[in-house]
Structure formats: structure tokens, C-alpha cells
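Heads up: the sequence shown is residues 1 to 381, going by our numbering.
Just so it is clear, CB atoms sit at the ideal spot from N, CA and C, and this is done for glycine as well.
Read through the structure below, which is laid out as C-alpha cells, and then see the notes.
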Amino acid sequence: MNISRYNYRSQFGEYAETLVNEIRQMLLNGDYILTEHVSRFEREFADYLGVSHVRGVNSGTDALLIALRALDVGPGDEVITHANTFYATVAAIRHAGATPVLVDADEESFLIDELQTSIAVTPRTRVILPVHLYGKPTPMSGLIQLAKRNDLAVIEDAAQAHGARIGNRMVGSFGVFGCFSFHPSKNLAAAGDGGAIAVNSDDLAEHVRCLRELGQSGQNNHVLLGFNSKLDSIQARVLSWKLPCLDAWNARRREIAAMYRERLGELPVRFQSTTPGEEHVYHLFQLRTTRRDGLLSHLRKAGIDAVVRYPHPIPLQKAFSDCNWRQGQFPVAERLAKELLCLPIRPDMSIAEVDYVCDHVTGFFRPRSAPAPRPERAVPV
Ligand SMILES: Cc1ncc(COP(=O)(O)O)c(C=O)c1O
């Protein structure tokens, strides 16, 4: 059996032909840039998130960069985020010209450590940038209070957490800005790159619009040093097509995660902690073990597309060597980089596929109970 991490065909459903015909028409009509498809998706996603505005941009990385620039964050300013995030979070801070200040992750939740965040605040801090990593919502109330006390903005990196909630509130709607990626790997996936910024303030929404459109206010009137970073129309159409399915897909991800937790919980492994009142959307299902590399090759040999996210912690990335972070400075992030492994999790995964993964994880830790290899289809007699 081969257990993949993605099944794009299943995401389009049985009426995919209708969408393909619409896209064909868009191609022929020249409906490419900032068409009604983009404004429609922006409205739909804003309604879904419960925010006043969404502005579509080129990617999740651009969403973060433009959000930072919209707050005039730049050289001399510090932005606090965590050491175990994806590279793009910190790259966006650097591209804005600001200084990333890393804090270590919490050992159980793998999210930003609130106490260390409060200690990291200096007179230069402008923004706290939590990442809802792997689809788990970062507890926001403490961070929002910390930001208020110190006159800071909160920008949420929700690139991995479309549809994740705390109580009834969607992640991406807590901070001044919520930044999303629609990279094809994401829970809400475009057919290429794409991103969005969620925002409640009318003024900031207009500022973001202006920044993404080369600082343009009316044709040929450039009032800001902007970017060219717009959500593509065809991607917007694909996203509108998929958005109505997102909650059901996330619910199915939670069911699969619950099966993994139940079936594998007796083994010498750990999982990302859960918090009452949260709705995790399991962009990634992380299993933690000190025997990670052995387990990874065992699963891959069995055709299971397990991967490591992320094997090289941010402080040790060559691209950030000028930040002078040291090995050992962020011990939790370094341990997580050595011990985490993602099991495949897709909304369309069958029980047989989940069983296959669980059997092989169990077989690695308890070789004597290893399952006999299952034939992929019945062998003719
Ligand atoms: C946590 C996080 N932040 C930012 C990004 C950047 O998004 P994109 O790849 O769309 O630029 C990603 C995804 O790739 C991500 O996982």
C-alpha cells in the first residue's frame, strides 16, 4: 500500500468538470487579475473567519511581509516569534527590515511560550507574531493582554490553521492581522501559490490593498512604496470552490488524529498537547519519539509518506547566520527538530489506510507484533 499525504483529485469532488469549464472560460476571457472572482473569495473568506475584510495576496510569506509593512514595522523594530516555526515566518520579518527575536517553544504544545514571550519584550518590540503551528490554535488571551499592556500589535501566522477555532472564534481574527497561506499543501489549498490577510480595520484593509497593488491609489498614482502581490483570479476561483468543504475536511482530520492518538497512545511516543475549548485542524499530525529517524525510514520503506517538519530549526539555518543565534540557545526547538515526525493525514483517508499506518508504527516499536504484509489487492487463486 502507498499512503500519500495529498489527494488533490478528491478535493475537487465529483463535479470537478464544472470548475474546469469555468477556468477554461476564465482563460479564454482574460479574467486574470483582480477580477470579481478575487473579491468574491475575499468576501466569502472574511465571512467564514468573522472579520470585516480579507485581502488576497501572492503567498503566505507576502501576507506576513505586507502585514508588517502595513504597521510600518521596519529597521530598528523587533518582532517576537518562535524558534520552531517554518522558515517563511522569520524570512518575512527580515524582509521587512525588522529584527526577529526568537523565543523557545513550549515543550508540550510546541507553540510559543507565553512566559518567555513576556520576558523578550523590550522598548523596541513592535509586534508579537504567534504561529498556530500544525493547525493548533495558540492560546491568544494572554498574548493579547501582553500586547495591550506594552502597546504592541499581534499578527497571527495562521498559514497552517484555516478553520481552527478557540471557542467560537476563528484563528486569524484575534490579532490586528491574520495571515494565511493557500500553498497546495495547506488545509485550504490553491492550485499554486496564494495567501490572504484578514483584518477588521477599514483603514488597514485599504492600506493593505494599496501595498499589494504597487502602492497605487487610482491608476498611475503611486502613493506608497508597494509590492506587486495579488491573489490570482484562477486561484481565487479554486479557493471559492473548496471553501464550503473546509469545515467537513477539518472535522475528518480531527477524527483521524483521534484514531492515531488512541491506537498509538500506548507506545513510547508523545503527541502535541490538546487544550480544552480549542479546535485543532491538524494541518500536520506530529508524533514525537527519540527514535524518529529509524521510524521514518521504517515507514517510508512500507510506502507511507511520513516526513519531518522541520528538521533544521530556524536559529541554525544558514540564511540567518548573521542573527548570531547559538546552538543550544533554544533547546526545545532543537529537540523537536530531532524528535518530530508527521504521519499522513488527509480528509479522504480510509480506515484501512489509517490501520496500515498504525500497524506499521506499532510494528516498529513492537517488532514481534508486526503485521504480516497485506497484499494491496486480492491475489488470484
Ligand atoms: C507557518 C507558515 N508561515 C508562513 C508560510 C508561508 O506561506 P507560503 O508558502 O504561502 O508563502 C507557511 C507555508 O508555507 C507556513 O507554514
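What's the call for residue 104, buried or exposed, on a 16-neighbour Cβ count within 10 Å? buried
Looking at the strands, I want to know which residues DSSP matches up with residue 198. 54, 178
Going straight from the alpha carbon of residue 280 to that of residue 219, what length do you get? 43 Å
Sequence-ordered residues whose beta carbon comes within less than 6 Å of a heavy atom of ligand 2: Absence of ligand 2 from the depicted structure is noted, with ligand 1 being the only ligands included.
Would a C-beta distance cut-off of 8 Å place residue 3 and residue 304 closer than the cut-off? yes
Relative to the alpha-carbon of residue 401, which residue among 348, 354, 276 has its alpha-carbon at the smallest distance? This structure cannot speak to residue 401, because the chain is shown only from 1 to 381.
Euclidean distance between Cα positions of residue 230 and residue 56: 6 Å
With a cut-off of 8 Å on the beta carbons, I'd call residue 172 and residue 158 a contact; round off their distance for me. The pair is a contact, with the Cβ atoms about 4 Å apart (cut-off 8 Å).
Touching or not, the stretch 278–295 and the stretch 160–169, by the rule of three or more beta carbon pairs under 8 Å? yes
Quick test of the definition: if touching needs 3 or more C-beta pairs under 8 Å, does the stretch 41–58 touch the stretch 101–120? no
Could you tell me which residues DSSP pairs with residue 288 in its beta bridges? 270, 340
Determine the contact status of residue 275 and residue 130, defining contact as a CB-CB distance below 8 Å. no
With a cut-off of 8 Å on the beta carbons, I'd call residue 179 and residue 166 a contact; round off their distance for me. The pair is not a contact, with the Cβ atoms about 17 Å apart (cut-off 8 Å).
Tell me whether residue 145 sits in a helix, a strand or coil according to DSSP, three-state version. helix
Taking the alpha-carbon positions, what's the residue 98 to residue 7 distance? 38 Å
Would you kindly check if the distance between the Cβ of residue 223 and the Cβ of residue 204 is under 8 Å? Annotated as distal: residue 204 and residue 223, with beta-carbon spacing of 8 Å or more.
Rounded C-alpha distance that separates residue 134 from residue 267: Roughly 22 Å between the two C-alpha positions.
Short of 7 Å in beta carbon distance, which residues of its chain neighbour residue 60, apart from the five on each side in sequence? Order them along the chain. 88, 159, 179, 180, 181, 183, 195.
Nearest to residue 265 by CA position, among 31, 244, 287, is which residue? 287
Count the CB pairs spanning the stretch 357–366 and the stretch 116–132 that are closer than 8 Å, and state whether there are at least three. Inter-segment contact for the stretch 357–366 and the stretch 116–132 is absent: fewer than three beta-carbon pairs are separated by less than 8 Å.
For residue 307, the three-state DSSP class (helix, strand or coil): strand
Where are the alpha helix (DSSP H) runs, 4 residues long or more, that stay fully inside the stretch 39–89, in chain order? You should have 60–70.
Compare the beta carbon distance of residue 314 and residue 83 with 8 Å and say whether it is the shorter of the two. Against a cut-off of 8 Å, the Cβ pair of residue 83 and residue 314 comes out as a contact.
Determine the DSSP secondary structure at residue 169, reduced to helix, strand or coil. Strand.
Locate the alpha helix (DSSP H) running through residue 18, then write down its first and last residues. 16–29
Could you round the C-beta distance between residue 289 and residue 339 to whole angstroms and report it? I think they count as a contact, below 8 Å. 6 Å
Let me confirm a value: residue 30 is counted as buried when at least 16 other C-beta atoms fall within 10 Å, else exposed. Which label applies? exposed
Exposure of residue 233, with buried meaning 16 or more beta-carbon neighbours within 10 Å: buried
With DSSP collapsed to three states, give me the class of residue 228. strand
Have a look at residue 308 and residue 66 and give me their C-alpha separation to the nearest angstrom. 29 Å
Sheet register partners of residue 153 (DSSP bridge): 127
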